[in-house]
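Protein chains: 2
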Amino acid sequence: MWRSRHVISGNVNRSHVTRLFFQHGGREAASCHITKPNMLNVHLVPHTHDDVGWLKTVDQYYYGDRNDIQHAGVQYILDSVVDQLLKNPDRRFIYVETAFFYRWWKQQSSSMQQTVKRLVNEGRLEFVNGGWCMSDEATTHYSAVIDQMTLGLRFLNDTFGACGRPRVAWHIDPFGHAREHASMFAQMGYDGFFFGRLDYQDRDHRMIEKEQELLWRASDSLTPPMADLFTGILPNGYNPPEGFCWDQLCHDPPIRDDPDLEDYNVDDVVNRFLVIANSQAMVYKTNHIIMTMGSDFQYENANLWYKNLDKLIHYVNAQQANGSKVNVLYSTPSCYLQELHRANLTWSLKRDDFFPYADDAHDFWTGYFTSRPALFPLVGLDTDFHTFREEAMAVAQHHDAVSGTEKQHVANDYARRLANGWQHCQLLISNSFAALSGSFLKRNYCDNLNISVCLPTEILNKFLVIVYNPLARPVTWPVRLPVNGTAYAVSDVKGKPVDCQVSFAINELVFQVQAPPLGYTTYSVSLIQDGPPPASTHYVHVYVLQFLRVTFDPDTGLLSSLSNLETKQSIKLTQNFYWYNASDGNNTESNQPSGAYIFRPNSSTPFIISKTAKTETIQTSVVQEVRQWFAPWVSQVVRLYADSKALELEWTVGPLPIDDNLGKEVITRLDTSIKTDRFFYTDSNGREVLQRKKDFRPTWNLKQSEPIAGNYYPINSRAFIKDDVDQLTVVTDRSQGGGSIQNGSLEIMLHRRLLYDDVRGVGEPLNETSDIFPEGLIVRGRLLLSLEHPAAAADLHRPMAEQEVLQPLLARKFRLPKRAETQPFSGLQAALPPAVHLLTLTQWDKDSVLLRLEHQFQSRESKLNSQPVTVNLQKLFSTLVVLGVSELNLSANQWKDKMTRFDWTPQKGTGPLQTGCRILLE
Amino acid sequence: MWRSRHVISGNVNRSHVTRLFFQHGGREAASCHITKPNMLNVHLVPHTHDDVGWLKTVDQYYYGDRNDIQHAGVQYILDSVVDQLLKNPDRRFIYVETAFFYRWWKQQSSSMQQTVKRLVNEGRLEFVNGGWCMSDEATTHYSAVIDQMTLGLRFLNDTFGACGRPRVAWHIDPFGHAREHASMFAQMGYDGFFFGRLDYQDRDHRMIEKEQELLWRASDSLTPPMADLFTGILPNGYNPPEGFCWDQLCHDPPIRDDPDLEDYNVDDVVNRFLVIANSQAMVYKTNHIIMTMGSDFQYENANLWYKNLDKLIHYVNAQQANGSKVNVLYSTPSCYLQELHRANLTWSLKRDDFFPYADDAHDFWTGYFTSRPALFPLVGLDTDFHTFREEAMAVAQHHDAVSGTEKQHVANDYARRLANGWQHCQLLISNSFAALSGSFLKRNYCDNLNISVCLPTEILNKFLVIVYNPLARPVTWPVRLPVNGTAYAVSDVKGKPVDCQVSFAINELVFQVQAPPLGYTTYSVSLIQDGPPPASTHYVHVYVLQFLRVTFDPDTGLLSSLSNLETKQSIKLTQNFYWYNASDGNNTESNQPSGAYIFRPNSSTPFIISKTAKTETIQTSVVQEVRQWFAPWVSQVVRLYADSKALELEWTVGPLPIDDNLGKEVITRLDTSIKTDRFFYTDSNGREVLQRKKDFRPTWNLKQSEPIAGNYYPINSRAFIKDDVDQLTVVTDRSQGGGSIQNGSLEIMLHRRLLYDDVRGVGEPLNETSDIFPEGLIVRGRLLLSLEHPAAAADLHRPMAEQEVLQPLLARKFRLPKRAETQPFSGLQAALPPAVHLLTLTQWDKDSVLLRLEHQFQSRESKLNSQPVTVNLQKLFSTLVVLGVSELNLSANQWKDKMTRFDWTPQKGTGPLQTGCRILLE
């Protein structure tokens, strides 16, 4: 895939763009405290971890509202930290979440802003990570992560210049770590990466081997060290060592150093600290160790922390006069990293990822891969109109947002924000259409199309459908509109009739539209005949269209085979729905229940929902559908469009029944004749694909304790199983968890409804209802199945997933248009080659746009498309004239040619990797 | 009593003493914000209420240790408040408890100390009350209160000069208010007094009448306005109005004034505030109202409060442009008081006190009058050696210390502190003895005499007993020492034999000692005959000595009558022990249980412990004793000393049995033939006596809802019942609760053991055990009964109570002394007249001492002793030469002639009162 992702800012005002970076200096921070080479140096890193929504909404967290739910007020944290930094120049602090910092910053006086700039310039306040939020790694799509990182980093750049640029990525809380995230961080110029959570067996192994600090080679495609990222595992998650938490939220004894008062405890504190420091040094490689002195929403009253840390440093270092070899200092992750770099050692190399995450034998954090499946399509929604209300999207990438591990009222808040953002997008799109078309007539969007509700198309006799296509290539797309008439006429902009059909069983008008690259076109729809539909459904067992053939078992109504007519491949394929009985924690092995985070089925054998499906068939020239009913709460449409190479399974699950007091985790399972031999494949954040193997981890000898949950991995855009001949690929429309438990089988978790909290802080069972769904959420989604030879599969699933993420946007218009505005429009002179994805095209400032072009094929996955590609930028756009181009890093906060990163040496050499693609300016 | 209490600082270095007060200025504070005469002015008073021990010990509170028990750290409060005051010169803060402030101050840098001085001088930080603690009012003795106030106020004076002198007394938390406290505050120069707790019926009445601000005439004896104290009742206890608590300990919504973020709430906050302010104005007299913006241990992160208060003031006052007539401002109690004074109104006059305190119909805070009776004697202990370790005594006067309403571990801490303080006192006394006697031999104190344990006197054959007398008149005192021998010889300093006797039943040597005023003398004790005691106890029914006759009922073993042989008075007197069954809260009327604070018997009829007592008699020439056993956990010694005018009842109660799961509140009840007609009398803080009447309150029409608890009052030193002929006075050795429920009856609560918390915060049942008493505390105390004509009773009970509080101190010495050191010593040339009590004589600085002389008789209570008295200071001391005298106020922080207080006009005139005594310098 983006073996090189090139970010280009075309601009006419070079000095303006240059301004963004004028303070770039040398590699090493001058503001780090001096360390002592012959001692153990303990880097104390004061920090706060401020979730951009979790138990409270982001704005409740900012203001400190609803402290009855959780005591947390970020405005006060920043107030207090700045105050306390000013009291002692030795003190340090790091801040992470720009979503909060931005809110605070805009409320400060200019003199306070100057003060903060001084603290930043002096390295006393350091930004780390610096995205809008600390994104989730298991359930996010790379495009949204890049956007949210860019949003945060740009604010820091605009506000503080180079001294505000984070040098360290800092994902201390996400529940497992994606390789693609590491790759992105490397390409964003970070010198290193720290996190807190990894599998407990992995940690134990790494402690013994002193491999808690390592080099992560995060891409199969990019030439090292392009995607190499130094990675450090923090010693206590992100908490302080036991007994040394001095925040107002903690209860550890403060340092009581007045000998006149009771309980003088300096000696005790110093001794305990020395024991902890020396123990920690045993499991790390250098004579430097880091301690995270902070935690969730701490430092609201920073005085408590700093007053005691000042004393700790004073009294511990005073012991050096008595021969102590421990030197403790205020520090930051980048100062610590600098010392590791200076140590000039070699580091073990890692090529896989950190999924799944378990913090104990029966505590696999694989439930959140699918938690809140109804929130996911909203979060994944990316229309490329992200310049406006992009904060809502950015906020939603937070590791307690998209992950579904927030409280219900917070999930509702995210949904509200995304809906608001979407309203703003619609306005923006309407204005764009209007500007291009000259018509300001009101446009209307059908937001509820996914539940087949669109009032205007159901009551009007004549309307226009405008199709916007955000991709850089033309698309063909089936449009399905709820209607009430019997027959309609559809025509394109040239008046040419378009084949269309009404499915009476479901009162849907279906027709295929074609839209130009990065552009739009218009179709007009007119009612021809009103009245009730004729009754005509019938049942067949074999469905054949241009590219695929599927068969159904006439006895069960289930899928029985899938064939590719082009390649003449065929596999046995049975698909059905099952549910795992969620553990209620009442178990001899462990009292861990299934919850928002944790997946823990009571038994490894799921219950089948129904052995047979009632079916109904709809056949039109446009589409063939088999509708399957498994239970009142599980149904599916198996759909073959005339010109599609994928079989669509549109599943509808819910409301999950809980009258039996059993929590349910519903999967669909595809059982095939493919010989998988324990292997299967999942993508990482929608980009590169990683190989998975049942009951196996690449870097340590796994003791498997949860045969299902311990074999689940995140699926963001696709998963596949294959043997030498056949590859069955499933492209998903949202992030989900899945696994391959049996040979030839692939299961995907679709929906979860649980009755117990899983004791990871959220304090609620994952048991969603809503105003529309008071009996429990109904979730609808789809899987796209394709069968190909392994060597050619990517040629299909890459563009298919691209289209799935950036679906055409439909708008309707009910007044009859003037001729002009019905003209189609494309922003490109020509389509981009199949390998190149137009990831970003957005106005950067008055005179420049930010363009991201991505090579979307992984190395070696396609003979044809994994090759380098050349794009001529001058000939790309239809309405923009390129006056100049400057290449930036992935996050657009550094010039590419100025980006220098620490070099790290892996312990052993790695084989040659393919070189990246080149984009040439001709 | 101290109709005038004169405080005199004799000194040779006038300039040195003057230094204490050189910053004295005018009456009105220049630092108060300007108010608006045509508007309702709302005085916001940011404050914290920092208990000097309650749920945590004083040092745990200071450091913020054990925040798991309660989140509170005073060091951080003061850090934070000073920081925040510096951020905005409009902000104000008041601080109250010098015990904490002193700890903090001595840890500050000199530059911080300068900063704080500036804040004090500018009136931005104001001290109110200013004692070492906020003393309890129901269970304290006036001498300890004066000492603790003096200690705190002196620190403020020494540190800040006049600007640090509190102008306002501030007892926002004590559970009811004593008239003697008001009198002391007036004499200490306070301009006014604010508190938060009073009976709910009283408050309702005062709200309707607009009498929540009043003039308290706090003495029957002192000429107005000497003991007049303007008193204000705060509107919300001491909390902020509902919805406006912005401390980190609260959950009220912060002001969210960023219109870009969700839940903008400025309009809502302003409207709610205006409604509250206007409602509050309806129940107060002027166009100024006060709001206490703070509570227990608040302002640890003062930013939360001030940031929101700044916004509140801004947005509320902004409404004035729209016609609002509400003006809100930062203020202090003294600024608010100044506005009330300027209003120049008349105020209702109050002459009684604010006991008992009930916050609901079944919630009388009359249990704490007796809670932790074993702690009381320690707290009452006052040897006048309070210059050293006086902090321990001062801390113990706190309203959660002496009141017994602290957690058990905190009570243990107070006991430890007092014991430490007592050790230091012993050292000081030993050194004083040594300096006077020239001998540095080790002295030995019998701390466990009250439980008859004193190892040295039990094993040695020869020793000295040194008797120190802190009173300004000679005392005769019975000494009882545990011994093992059969016969002893005792002689005074002149070698003259002293009558002595061994009580074999209890192995006690008893003899009378006589000690000179403010001095000591020595007795030598020698064993004459060793061996087992002869068996010889017998029983008689009538005991007669010089002054009293008591009879016992031969059938029951109980007291049956008491006669005064001098006056030929005689009354029927039965005394027995009973217990109330403490409510467990399981009750239809209310779920309030009895607890540390609340007394709520399940029934108004107490259970009798035994109708009869087993008795045993011991008669010697020195003392006659009847020992009574009522139960394994209740016994008593009825004791008549040869030359005593009082009958001593030494009761021993405990461990209270709780195997029946019933909480017990044990009383002793004296039933007499006196016709009391619902009246009885109790002292206030050991000084003036107030009349009480059953089911009656002087200032409102009481609806009595608790027939026992609602008739309980604090007894600090004495209570009496009387009719025209007979007055039975009981002098106590500790503070206790008591009442007169039946005609002729007086009951005193002795000990309490409860099984439920009473839900007032302490979170523990009052169920004490200890290492020595694992089965439950055993408490021993004594009551001194006297029978006199009412007009002469005070002539006996005043000196009796004086001796009870300031008992002689005994030390023992085991090596044979040289002749010189056995000489008796008196610090006075002659005894003071009976009416004058030497309240204080302490080194003030190098060249001066602080002397307090008190007229200890209330006006009109004694024909002889209520008269003015003259004392010649020049001829008073035997070792001090008086070079000069300056008169100070009661708390010794102002020159008497410089003390000017606000004048307040009562609503109606008051009758003439007797003038005070004069002390002349001849």
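One line per chain: the protein sequences are Z and L, in this order. According to full-length UniProt numbering, the stretch in the first sequence is residues 1 to 922, in order. According to full-length UniProt numbering, the stretch in the second sequence is residues 1 to 922, in order. Quick reminder that beta carbons are idealized off the backbone N, C-alpha and C, glycines included.
CA-to-CA distance, residue j to residue i, given in whole angstroms
i, j, result
"residue 96 of chain L", "residue 351 of chain L", "27 Å"
"residue 745 of chain Z", "residue 671 of chain Z", "4 Å"
"residue 677 of chain Z", "residue 725 of chain Z", "14 Å"
"residue 731 of chain L", "residue 645 of chain L", "12 Å"
"residue 386 of chain Z", "residue 244 of chain L", "At residue 386 of chain Z the pLDDT is 40, less than 50, meaning the model places this residue with poor confidence and gives no usable figure here."
"residue 346 of chain L", "residue 229 of chain L", "13 Å"
Residue nearest to residue i in terms of C-alpha spacing, selected from the options
i, options, result
"residue 132 of chain Z", "Z:100, Z:159, Z:305", "Z:100"
"residue 356 of chain Z", "Z:503, Z:138, Z:514, Z:887", "Z:138"
"residue 368 of chain L", "L:596, L:469, L:76, L:226", "L:596"
"residue 124 of chain L", "L:609, L:173, L:179, L:32", "L:32"
"residue 652 of chain L", "L:640, L:636, L:895, L:641", "L:636"
"residue 49 of chain Z", "Z:600, Z:482, Z:249", "Z:249"
"residue 159 of chain L", "L:478, L:110, L:318, L:147", "L:110"
Chain L contact residues for residue i, given Cβ-Cβ distances below 8 Å
i, result
"residue 80 of chain Z", "301, 303"
"residue 256 of chain Z", "59, 63, 65"
"residue 71 of chain Z", "248"
Within chain L, the residues that residue i reaches when beta carbons sit closer than 7 Å
i, result
"residue 924 of chain Z", "Given a span of 1 to 922 for chain Z in the structure shown, any question on residue 924 of chain Z remains unanswerable."
"residue 76 of chain Z", "301, 303, 304"
Under 8 Å by beta carbon: chain Z residues contacting residue i
i, result
"residue 261 of chain L", "59, 62, 63, 103"
beta-carbon residue i near the ligand MN non-hydrogen atom, thresh 6 Å
i, result
"residue 748 of chain Z", "The model depicted lacks the ligand MN and carries no ligand whatsoever."
Exposure label - residue i; buried when at least 16 CB within 10 Å
i, result
"residue 893 of chain L", "buried"
"residue 698 of chain Z", "exposed"
"residue 129 of chain Z", "buried"
"residue 970 of chain L", "For residue 970 of chain L there is no data in the structure shown, the boundaries of chain L being 1 and 922."
"residue 568 of chain Z", "exposed"
"residue 622 of chain Z", "buried"
Three-state secondary structure (DSSP) of residue i
i, result
"residue 673 of chain L", "coil"
"residue 876 of chain Z", "coil"
"residue 15 of chain Z", "Low local confidence applies: a pLDDT of 26 at residue 15 of chain Z is under 50, so the model's placement there is unreliable, and no value is given."
"residue 48 of chain L", "coil"
"residue 204 of chain L", "helix"
"residue 528 of chain L", "strand"
"residue 300 of chain L", "coil"
"residue 351 of chain Z", "coil"
Contacts of residue i in chain Z (Cβ-Cβ under 7 Å)
i, result
"residue 68 of chain L", "251"
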